[in-house]
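Protein chains in written order, with my numbering: chain A, 347 to 679; chain B, 347 to 679; chain C, 347 to 679; chain D, 347 to 679. Even for Gly, the Cβ is constructed at its ideal location relative to N, Cα and C. Note sheet for the following structure.
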């Protein structure tokens, strides 16, 4: 009965089967027939020409994306609570060779054009200060909020006006799209996103994320950076296969919908205890230390989120009957 | 009938089965019960206390190892033909923040103490010149030669005398050990090796190599570097499982022996055409362009290695009856 | 009548004369007889064995210091308004290869142990979060406040407890010491400072700052880093000479006292308009836009400091009779 | 009687005088009236529109130039004996964030198109190998040879054909131009050079070199990189003044001619002992250890250059009557 992290969940059977399906001799690195399908398959999904590269982790996807958008002497505006800022051990700084993360504020880890302007407007346009080169937003945010297409587009417009690149950390992109019910292109390239880290691992995958470039030319240098980071797997087909399996029959969307539905079960039970609206597969709950201990005594596992709050995450494979006992326990607090 | 690269081979069934075997909820990153076994299992294998980390690729293993041994302002002596020098797109420079690779010479991509001294002795001990911090050797070498324990120990003694770290790129460590018939500890820590990139992917694995620290304290900073490089998989148990499966019943050794035996079949057929003795699973052959074309016309695939040479690699899963036709064709040239 | 910046001031005559004094053939780089005196002269000044290196700018001094104290995957706690954080174009990130600046809060750009704990206590001790490696404080602060020996010692004690290095950006160290009236050792190594960027350029020098290591062993790697950064001047004696001239007869202290005295003239005139107490050579003044325009119309030049504030800086060479007209004008506002 | 290095020479009086000449209050950094003249003055000198930045050292000039021309994942072709490769402690790797120096061969440290092709032609055009991004040549070379305009143009044509940037390390550019007797533009931008490190310190300057961009747009990012490297002096006018003084009345050329003439005095005396023709201010001489000891016993100081060779360098200020005794001593060997 773990609600600790979607990282702890198993891999979904279609992904495991896909590994067996490519278990044959083929070209090494990304020259195999499956890796070669990625550009086409993701272009179909997004309704525009993209370049799509497999990478093994969300952190590497984010960092390669930022290295494509920001020079070493530039900066990247992100939310103070952004995963890239607080949970990647300085990977963005490593891959960008020292670009500066510029932290903005806003409830629920959500940036707005105003919040971004608050960060960048005071920066003098001289060589003494690091100039912003890019913006990074997380979809869904670290608190499980989904940016609407309009919200992204407003940030995209600001990015364009200020000549900043726009990156979307989509570790839970699937959950956000499932919640929004929109076309995946609507909340990305149509809204001004240049690069997307499209997460699959939290959503049933094993070890493959997609780095999707809506400005395809940005992929050229990234191919070198990916190799240089030790991320070009010699047997890349086992990563490509995972992504293709997730795209088949929109498995990515089905898994995300299932997880989101589970989160809504908890959200309904939580009522006023909710810290934020539930728009993905994460539920942030106000609970006292005693209440948290009580839930744990019942066998529920979760993350303490600072004082007086708990984070509950629903995984793609948790069935309603596994979640309802927790919902009931929350109601009973 | 591909003899192009062991990277092209499929994954061995025990490894695939191991993935299914860990496909259950567990702690994320490397907190799971399988990742937690690595230190112990590799310590048992090597007969000394080691720290062993999973990483996904040989390039990342090598680069993390070098970052642990060389400061950004230092240098790493390696062979001119070393994989780290010519085929990793500058990954060592990336991970070490710009340490300099210092190329030595020697037949068969093999370094000797003399070859190393030729590189480092002319370096003035002043701040104008990059000072050597480490040595890296490849076991087996890029031309399929195995360093004997004595050869490694001679380099290890030099390293100790000059206060240099010693790294072993063991992308084909299994093949070397299979050839040497020695204990794996004899050719590593007992001979002065500080860090080993222990390769499994070319030997039947899918996406997991082991980074083995014989000076365990070096692992501490590497844990941060691994995360910072985006290499800390959220579902690390799928990497740990691969390594454990390869260690079980010495599968790593069995696979390597099989590949080596296949290479010897070709070596025997090749006779005077051999560029180097065959001490692993690679065969370098003198062939004219016409001869190479003839072999290809028969359906054999391989790598042209400069002018007048070809590289043939045997994979763990190629059976003698699949190899003999090529041996016969070589004899018939 | 410029009160814009002490960087705009000329070089004091003793420093210019010193350049002429060393204008003869001598050993290149730092092998000359003047550079060789620095360790001894600064050891005498501070009353302990130090290593002292010339560097040309405060930014390079700070960045080399931080590179000596923080690993690339570590962090440096500093005030949000610290020069290293806002006015060095990411130089600390460049020199440290991407260490993260961790911003603390506090009035007058002054850090306290509590402010530092607020930054570092929430950092989880795991590999996902950048761990603090060092603290950097500015003496005098960016708002002209001097840390007392006790205040530094409190931070030093925290640094020691948490095993963090402690760097002092002393761009205006002379002004702080002049204000405090203490021995320079009292507010540095006796209080736990490991490395000091001892500024001379703002205080009458031309192009030489001293990087003073109170833990002498830290200088060893820094010698390589200094060269690698292109900072090892081939004619280093012209930098050493500047520092020696400033140390002779405590010129550094005399110049700083003069500048501080000038600032006090303005402070007395400013009364309630002072944003901060004047403890160095900077005066921060509350003025309306109209008042600022009025002062400028009278020929006084200064820096607008956000809305409703102005920064006035007194240089080592500004005489009281040059400052009084501004004092009078401020009184007359 | 030192012939050890032109770095050991004093500063020429016009440069010292220029420092006094700017010793007045002015705008900080490079906003002063002298720094603002550099673009124009160097454009006049070269006969084309350039951007010219002061930097303090040749190493920083070279490294900034390479960072402008090569990405971190790229390579720079240079001669094995190039200063950037052997005497800058990895500064190019630091500034470029790890680009790889690719060493070519050729007598006298001189590259040719063929020598460059030998380096770059074997590089496979795939992501596993570092791709060349730029070429760097030294004018005059590390052995005192001058590239003729035609030789540079041949390299420039190759650079253009392969889309590589072309950098010239002109630590002794003045000596080369003095020898060639050509217009400085003829051997730089007209021949395809993109960026020139124009050295003045070895030629009578104190602490200022010029970084000259013949592709002016490359200077934009360099302004940030210069600041980020801690090289933006707060009192930049003291660097600008040095450069302007050297340009006035072609002092740079007069000083170089004087030094070259001195070297020719030695060259004539040396006869068959010359290792290379003397085309700048350096003389490489075949001498036995006994002969070298004999010269030293007479009071002459110089650099042993490997076994059986000595390097003699003439400085701008060494008069013929100071050099002739050494010439006589060489003749008498």
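Backbone secondary structure at residue i - three-state DSSP
i	result
residue 498 of chain C	helix
residue 590 of chain B	helix
residue 348 of chain D	strand
residue 491 of chain A	coil
residue 365 of chain D	helix
Contact belief for residue i with residue j at Cβ below 8 Å, rounded distance in angstroms
i	j	result
residue 602 of chain C	residue 549 of chain C	6 Å
residue 350 of chain B	residue 648 of chain B	6 Å
residue 575 of chain C	residue 406 of chain C	7 Å
residue 546 of chain B	residue 347 of chain B	Not a contact, Cβ separation roughly 25 Å.
residue 427 of chain A	residue 455 of chain A	4 Å
residue 354 of chain D	residue 372 of chain C	6 Å
residue 518 of chain B	residue 368 of chain B	Not confirmed; about 26 Å, so no contact.
residue 661 of chain D	residue 605 of chain D	6 Å
residue 659 of chain C	residue 628 of chain C	5 Å
residue 573 of chain C	residue 473 of chain B	4 Å
residue 435 of chain B	residue 476 of chain D	6 Å
Paired residues, beta bridge with residue i - DSSP
i	result
residue 480 of chain C	C/422 and C/511
residue 620 of chain B	B/631
Contacting residues, own chain, Cβ-Cβ under 7 Å from residue i (five flanking each side not counted)
i	result
residue 492 of chain A	485, 486, 522, 525, 526, 625 and 626
residue 414 of chain C	541, 564, 567 and 568
residue 562 of chain D	395, 396 and 397
residue 611 of chain B	666, 669, 670 and 673
residue 403 of chain A	555
residue 632 of chain D	619, 621, 654 and 655
residue 589 of chain C	384, 400, 546, 554 and 556
residue 488 of chain C	427, 428, 429 and 455
Cutoff 8 Å; reference residue i; Cβ partners in own chain excluding five residues on either side
i	result
residue 478 of chain C	420, 421, 422, 423, 448, 465, 466, 469, 508 and 510
residue 513 of chain B	408, 411, 412, 415, 422, 480, 481, 482, 483, 539, 540, 541, 542 and 543
residue 418 of chain D	442, 443, 444 and 445
residue 552 of chain C	357, 361, 362, 365 and 588
residue 452 of chain D	425, 458 and 461
Neighbourhood of residue i by C-beta, 6 Å cutoff - its chain only, sequence neighbours within 5 removed
i	result
residue 374 of chain A	580
residue 571 of chain B	410 and 413
residue 638 of chain A	656
residue 502 of chain A	512, 537 and 538
residue 399 of chain A	557
residue 609 of chain D	624, 627, 629 and 660
residue 676 of chain A	615 and 616
residue 578 of chain D	375 and 572
Query raised in the report: What runs of the alpha helix (DSSP H), each 4 residues or longer, lie entirely inside the segment 625–667 of chain A?
Result: 635–643
Report task. Identify every run of the beta strand (DSSP E) within the segment 507–583 of chain C, keeping only runs that are complete inside it and at least 3 residues long; order them along the chain. Result -> 511–516, 541–544 and 555–559
Report task. Give, in chain order, every unbroken run of the beta strand (DSSP E) that is at least 3 residues long and sits entirely within the segment 383–464 of chain A. Result -> 397–401, 420–425 and 446–450
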